[in-house]
Amino acid sequence: MANVAYGVQNDITIRLPKLHDAQREIVGEGLHTAPRYRIVLCGRRFGKTTLALSELPKQALRNNGRSYAYLAPTYKYLTPVWDQLCRTLAPVVVRKLENQHRLVLINGSTIECWSLDNEDAARGRGYAGVIIDEPALVKRLEDAWIAIRPTLSKDRGWILFTGTPSGRGFFYELYLRGLSEPNWRSYHYPTSANPYITPEEIEEARLMMPERLFRQEYLAEWIDDAGGVFRGVQKISVLHPRPHSSAPDHRYIAGVDLARKEDFTVVSVFDADTREQVYLERFNQLSWNVQVGRLARIAADYQLETIAYDATGVGDAVGELISNQLLSTRVLPVLFSANTKGEMLENLAVAIERGELKLLDDVQQRTELQAYQMDKLPSGRYRYSAPSGFYDDCVSALALAWHVMRPSSFHDFVILEW
Ligand SMILES: Nc1ncnc2c1ncn2[C@@H]1O[C@H](COP(=O)(O)OP(=O)(O)OP(=O)(O)O)[C@@H](O)[C@H]1O
Ligand SMILES: [Mg+2]
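Residues in the sequence shown are numbered consecutively from 1, following the working numbering.
Following this line, the structure appears as structure tokens:
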């Protein structure tokens, strides 16, 4: 990382990252000059946090006796920044208040960091400059803004919002304000504006993500908050069921979502050589014996090489039952955690978007896929679910089947083999 030396006194040198061109454009003549309110919409890895780590120390050291703040959505975002500020500024810190995340510097200036899960923290403070990192992830951003705005009054302080978009919440309103109001300015940069991120890294992300997520996360475009996950479903849902005998030398696999309370068991069978769905069965018989019995019949019909089933919340006894009945089939229990499930669904979404698999023309399956939704959580992760009133068993079975079929699938996460 290129550094610039920032001299405080003859014998003290503070090293700060040298801003890249887009970061410099944001700072302009300096954050204390107009516009006072800067809203920066940028892709992941653009250098938002680095900008804060460079500008806050610079401002605090240039302007004696002033206070500055770094505000993050949650504590998790704050800790690395606080640690880095402590390290960078160590030679000029005269007091460090660890539990308040406040540094008092040699020239009387202070820098503090706090998380916006408690907007009351702003009460009674006054700042010459504030950076809010990842505003789209702040739970109640409008309330936070109402609390923070007065802290800037006394010193006519500036504020800089730097974030990747997510939904059209209050951050979007601020962004619009920055496009039209005097003294406000909005900026927009994709991740590629950061010269320290290689085009290969961005291309890799593009290949791994559903297109709309890539547009949001790397191109910094506004896409809607809760939105459909799967695009292009209709186009690939064109097949009719076909028996094993139609291509007896092909390999067949299945994804299985077992019914738990009131939902359905779905068995989704694929020709792994052509990546075509050949059979789909959906039934709501709840006894494990019935479910496993049907599964065994389908395994025999298609001479299934592998089945993957969602083993979350299914006891060992059921796993054993399946393994005992499907003696010539490889059985993979897959544990759906929030992470692994999200990853599997994203992989499936990418495959559907690109037409890498073909599905049966089945109304239930199509409806489930088209209704399936994702929304971004305050943690920055996505939650995937069916809207209330919709089932998602076909989607889960399909995601499991694709997980088995897609290349390099078994390296991604833990699979328990019985
Ligand atoms: N001016 C700079 N000089 C050198 N490296 C930089 C600069 N700006 C950003 N980087 C590098 O680019 C990468 C991303 O930077 P940073 O973490 O600040 O981005 P971010 O937008 O906060 O990312 P995220 O979306 O993950 O929070 C880091 O490796 C960082 O060191
Ligand atoms: Mg960051």
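Cβ atoms here follow ideal geometry from the backbone N, Cα and C, with glycine treated the same way.
Reduced DSSP category for residue i - H, G, I as helix; E, B as strand; rest coil
i: Phe390; result: coil
i: Gln373; result: strand
i: Trp145; result: helix
i: Pro57; result: helix
i: Glu262; result: coil
i: Trp222; result: coil
i: Phe46; result: coil
i: Ser409; result: Low local confidence applies: a pLDDT of 46 at Ser409 is under 50, so the model's placement there is unreliable, with the coordinate-based value given in what follows. Ser409: helix per DSSP, three-state reduction.
i: Arg231; result: coil
i: Leu31; result: coil
i: Ala205; result: helix
Cβ-heavy atom distance, residue i to ligand 1, below 7 Å
i: Pro241; result: no
i: His188; result: no
i: Lys194; result: The residue asked about is misnamed: residue 194 is Asn in this sequence, not Lys. For ligand 1, at least one heavy atom lies less than 7 Å from the Cβ of Asn194.
i: Pro182; result: no
i: Leu295; result: no
i: Arg45; result: yes
i: Thr164; result: yes
i: Lys18; result: yes
Reference residue i, options the options, closest by Cα
i: Pro57; options: Leu85, Ala34, Asp143; result: Leu85
i: Glu262; options: Gly319, Ala72, Asp393; result: Asp393
i: Leu286; options: Pro199, Pro333, Val266; result: Val266
i: Gly315; options: Thr306, Val334, Ala299; result: Val334
i: Gly163; options: Gly157, Tyr187, Ile148, Asp143; result: Tyr187
i: Ser419; options: Arg251, Asn183, Ile307, Phe336; result: The question about residue 419 has no answer, for the chain in this structure spans 1 to 418.
i: Arg125; options: Leu152, Leu116, Leu332, Arg44; result: Leu152
i: Val138; options: Arg168, Ala128, Tyr127, Glu353; result: Arg168
i: Pro150; options: Leu219, Gly255, Met344, Gly129; result: Gly129
i: Ile223; options: Gly28, Arg212, Ala136; result: Arg212
i: Leu219; options: Leu31, Gln59, Glu203; result: Glu203
i: Tyr127; options: Pro135, Arg156, Glu142; result: Arg156
i: Leu105; options: Asn99, Val27, Ala90; result: Ala90
Per-residue burial, residue i [other beta carbons within 10 Å of its own, 16 or more giving buried]
i: Tyr302; result: buried
i: Lys154; result: exposed
i: Gly108; result: exposed
i: His101; result: buried
i: His403; result: buried
i: Leu387; result: The question names Leu, yet the displayed sequence has Pro at residue 387. Exposed, by the Cβ-count rule.
i: Arg282; result: buried
i: Val94; result: exposed
i: Gln234; result: exposed
i: Tyr77; result: buried
i: Asp133; result: buried
i: Val331; result: buried
i: Val414; result: Its pLDDT being 42, under 50, Val414 is placed unreliably in this model, and the value from its coordinates should be taken loosely. Classification for Val414: exposed.
Distance cut-off 7 Å: residue i Cβ against heavy atoms of ligand 2
i: Lys48; result: yes
i: Asp362; result: no
i: Asp133; result: yes
- Item | Start-end ranges of the alpha helix (DSSP H) lying completely within the segment 302 to 380, minimum 4 residues | Taken in chain order, the whole alpha helix (DSSP H) runs of length 4 or more contained in the segment 302 to 380 are 316 to 325, 338 to 353, 363 to 371.
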